[in-house]
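Contents: one structure, followed by commentary.
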Amino acid sequence: MTPALIEANRLMVVCNSCRYCEGICAVFPAMEMRRSFTAGDLRYFANLCHGCGACFDDCQFSPPHEFNVNAPKVMAEVRAESYAHYAWPRATGKLFERNGLVIALAAALGVTAFMVGFVAWTDPSVLFAAHTGPGAFYRLMPHNAMVLLFGAAFLYALLALAMGLRNFWRDGKGADAAAYAAAGHDAATLHYLDGGGAGCEDGDGTTRDRRRLFHHLTLYGFLLCLASTTTATIYHYALGLEAPYPWYDLPVILGTLGGIGLIVGPIGLLREKSKRAAATRVPGLAGMETAFIAMLFLTSLSGLALLALRETPAMGLLLAFHLGVVFALFLTLPYGKFVHGLYRYLALVRYAQERKSGH
Ligand code: SF4
Ligand code: SF4
166 MTPALIEANR
176 LMVVCNSCRY
186 CEGICAVFPA
196 MEMRRSFTAG
206 DLRYFANLCH
216 GCGACFDDCQ
226 FSPPHEFNVN
236 APKVMAEVRA
246 ESYAHYAWPR
256 ATGKLFERNG
266 LVIALAAALG
276 VTAFMVGFVA
286 WTDPSVLFAA
296 HTGPGAFYRL
306 MPHNAMVLLF
316 GAAFLYALLA
326 LAMGLRNFWR
336 DGKGADAAAY
346 AAAGHDAATL
356 HYLDGGGAGC
366 EDGDGTTRDR
376 RRLFHHLTLY
386 GFLLCLASTT
396 TATIYHYALG
406 LEAPYPWYDL
416 PVILGTLGGI
426 GLIVGPIGLL
436 REKSKRAAAT
446 RVPGLAGMET
456 AFIAMLFLTS
466 LSGLALLALR
476 ETPAMGLLLA
486 FHLGVVFALF
496 LTLPYGKFVH
506 GLYRYLALVR
516 YAQERKSGH
């Protein structure tokens, strides 16, 4: 067991005797179904926890009490360790160390590679010339090359994520369809992201439920952008229509709405994060916590800028920037904060099943 797992085990023993927080979130009822905790149980609790801070505020044993109970902080440490523990291939777990630097480097390399690639494909002037009309983007990079490159990166990300989920699931038991559906409802509505009903703690003693709002904007913004890309692929291959599309076409409308969600949501999440109580934060995780949000923000900002300036000479540089960031985002999906959504969903499935069968 790592020091974080040992500390989480100690806290769960204290909490299992106290049980004051059993109505706040799913972590405590899941804990109460057990008398002792395996490392897999503790990682499962950590992924049920979304760090609202409510149990820290309510706890009579939090610092300076000698019991030093700080569940949000310890759960955050165990959660981060679990991402590395379940990563596939195993050696890539190292990418969760100094994760902010890893993702920043991937983005910088991605943008540089696309700029160099555009120039190598034709000549330097292509980056600064105005390109208009159907197929304008493909004068900088052939469509087939784009599909091949992004398709390969996306398929690799799907494989690595699926293997990580399989590793996570091995720590638990099976679940029926009703458990998956119940967890789907809880995940889609962010049911537990409410600090037990009062809202997330704001750091100044007040509780406002803004984290859930910004999380919704980010999640549904991401899904709308995914729908936009999928629709554009159908337009290209099934309807023979080449990008860029007019502003009133479905891929642009979906992408614009998703892009707005991915601008407002990440800014709000970063703002809410900065207001968290200092005692519950883990300084070493700040890079990972912000890198994925920053990547979503840059993806949508560059996408919207590309939409606005696509008929100007700025298009070449903006396209290189946008594609470089998106490519790095795809490649780093299995090795950044994105995995938290998937592991949390599986933790909710496990919780729904345990509640039904009494563990
Ligand atoms: S966090 Fe504190 S108040 Fe809540 S169950 Fe644990 S020991 Fe009790
Ligand atoms: S921080 Fe919030 S979600 Fe995590 S254990 Fe405490 S009350 Fe539950």
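Residue numbers for the sequence shown follow the working numbering, so the first one is 166 and each next one is one higher. Ideal placement from N, C-alpha and C gives every residue a C-beta, glycine not left out.
Helix, strand or coil at residue 198 [DSSP, three-state]: Position 33 of the sequence shown, counted from the first residue, corresponds to residue 198. Residue 198: coil per DSSP, three-state reduction.
For residue 189, three-class secondary structure by DSSP: To locate residue 189, count along the sequence shown from 1; it is residue 24. The answer is coil: DSSP assigns residue 189 none of H, G, I, E or B.
Euclidean distance between Cα positions of residue 464 and residue 517: Along the sequence shown, read from residue 1 onward, the residue named residue 464 stands at position 299. Along the sequence shown, read from residue 1 onward, the residue named residue 517 stands at position 352. Each residue's Cα considered, the two are about 34 angstroms apart.
Residue 512 versus residue 193: straight-line alpha-carbon distance, rounded: The sequence position of residue 512 within the sequence shown is 347, counting from 1. The sequence position of residue 193 within the sequence shown is 28, counting from 1. About 13 angstroms.
Three-state class that DSSP yields for residue 521 in the structure shown: Within the sequence shown, residue 521 is the residue found at index 356, counting from 1. Helix at residue 521.
DSSP-derived helix/strand/coil call for residue 420: Stepping through the sequence shown from its first residue, residue 420 is reached at position 255. Here residue 420 sits in helix by DSSP.
Simplified DSSP state of residue 505, which is helix, strand or coil: The residue you call residue 505 lines up with position 340 of the sequence shown. If DSSP states are grouped into helix, strand and coil, residue 505 belongs with the helices.
Limits of the alpha helix (DSSP H) - the one that residue 230 falls within: Reading the sequence shown from its first residue, position 65 is the one you call residue 230. Neither: residue 230 is in no alpha helix (DSSP H) and is coded neither H nor E.
Below-7 angstroms beta-carbon distance, residue 212 vs any chain D residue: The question asks about chain D, but that chain is absent: this structure has only one protein chain.
Sub-7 angstroms separation of residue 240 and residue 211 beta-carbons: Taking the sequence shown and counting its residues from 1, the one referred to as residue 240 is at position 75. Taking the sequence shown and counting its residues from 1, the one referred to as residue 211 is at position 46. Result yes, Cβ atoms of residue 240 and residue 211 sit closer than 7 angstroms.
Which of helix, strand or coil DSSP assigns to residue 214: Residue mapping note: residue 214 aligns to position 49 of the sequence shown, counting from 1. The answer is coil: DSSP assigns residue 214 none of H, G, I, E or B.
Residue 410 versus 298, 175, 505 and 200, residue with shortest Cα-Cα distance: On the sequence shown, residue 410 is found 245 positions in, with the first residue counted as 1. A check of alpha carbon separations from residue 410 across 298, 175, 505 and 200 identifies 298 as the nearest.
Closest Cα partner of residue 436 within the set 420, 455 and 425: By 1-based counting over the sequence shown, the position of residue 436 is 271. For the residues 420, 455 and 425, the minimum Cα distance to residue 436 belongs to 455.
Boundaries (first-last residue) of the alpha helix (DSSP H) holding residue 286: Walking along the sequence shown from the start, residue 286 turns up at place 121. From DSSP, the alpha helix (DSSP H) with residue 286 extends over 264–286.
As assigned by DSSP and simplified to three states, the class of residue 497: The count along the sequence shown starts at 1 and reaches residue 497 at position 332. Residue 497: helix per DSSP, three-state reduction.
Residue of 453, 505 and 521 minimising C-alpha distance to residue 259: Numbered from 1 along the sequence shown, position 94 holds the residue referred to as residue 259. Checking every option, the nearest Cα to that of residue 259 belongs to 453.
Local Cβ density within 10 Å of residue 320, reported as buried at 16 or more and exposed below that: In the sequence shown, the residue the question calls residue 320 occupies position 155. Residue 320 should be labelled exposed.
Nonlocal neighbours in the same chain, by C-beta distance under 8 angstroms from residue 292, ignoring five residues either side: The residue given as residue 292 occupies position 127 in the sequence shown. Residues of the same chain with a CB within less than 8 angstroms of the CB of residue 292, apart from the 5 flanking positions on each side, are 280, 283, 284, 305, 481, 482 and 485 in chain order.
Inter-stretch contact (C-beta, 8 angstroms, three-pair minimum) for the stretch 221–230 and the stretch 260–275: With the cut-off at 8 angstroms, the stretch 221–230 and the stretch 260–275 do not touch.
Stretch pair the stretch 342–360 + the stretch 398–414: three plus CB contacts closer than 8 angstroms: no
Residue 255 versus 173, 331 and 461, residue with shortest Cα-Cα distance: Here residue 255 refers to the residue found at position 90 when the sequence shown is read from its first residue. The shortest Cα separation from residue 255 among 173, 331 and 461 belongs to 331.
Contact test: residue 185 Cβ vs ligand 1 heavy atom, cutoff 6 angstroms: One-based indexing of the sequence shown puts residue 185 at position 20. Checking every heavy atom of ligand 1 against the Cβ of residue 185, one is found closer than 6 angstroms.
Test item: CB-CB of residue 207 and residue 173 under 7 angstroms: What you label residue 207 is simply residue 42 of the sequence shown in a count that begins at 1. What you label residue 173 is simply residue 8 of the sequence shown in a count that begins at 1. Result yes, Cβ atoms of residue 207 and residue 173 sit closer than 7 angstroms.
Residue 390 beta carbon less than 7 angstroms from that of residue 423: Translated into the one-based positions of the sequence shown, residue 423 becomes position 258. Translated into the one-based positions of the sequence shown, residue 390 becomes position 225. A contact, by the Cβ cut-off of 7 angstroms.
Stretch pair the stretch 314–329 + the stretch 495–503: three plus CB contacts closer than 8 angstroms: yes
Residue nearest to residue 414 in terms of C-alpha spacing, selected from 400, 427, 426 and 425: As a working mapping, residue 414 is identified with position 249 in the sequence shown. That would be 400, whose Cα lies nearest to the Cα of residue 414.
Other residues of its chain near residue 265: CB distance less than 8 angstroms, five sequence neighbours each side excluded: Here residue 265 refers to the residue found at position 100 of the sequence shown. Contacts found: 451, 452, 453, 455 and 456.
N-terminal and C-terminal residue of the alpha helix (DSSP H) that residue 412 is part of: Position 247 of the sequence shown, counted from the first residue, corresponds to residue 412. No alpha helix (DSSP H) contains residue 412, which DSSP labels as neither H nor E.
Where residue 253 falls: helix, strand or coil (DSSP): Numbered from 1 along the sequence shown, position 88 holds the residue referred to as residue 253. Reduced to three states, the DSSP call for residue 253 is coil.
Burial state of residue 335, where buried means 16 or more other Cβ atoms lie within 10 Å: In the sequence shown, counting from the first residue as 1, residue 335 sits at position 170. Residue 335 is exposed by the Cβ-count criterion.
Heavy atom of ligand 1 within 6 angstroms of residue 491 beta-carbon: Within the sequence shown, the letter at position 326 stands for residue 491. No, the Cβ of residue 491 stays beyond 6 angstroms of every heavy atom of ligand 1.
Own chain, CB closer than 6 angstroms to residue 135, minus 5 neighbours either side, in chain order: Outside the displayed range of the chain (166 to 524) lies residue 135, so it cannot be described from this structure.
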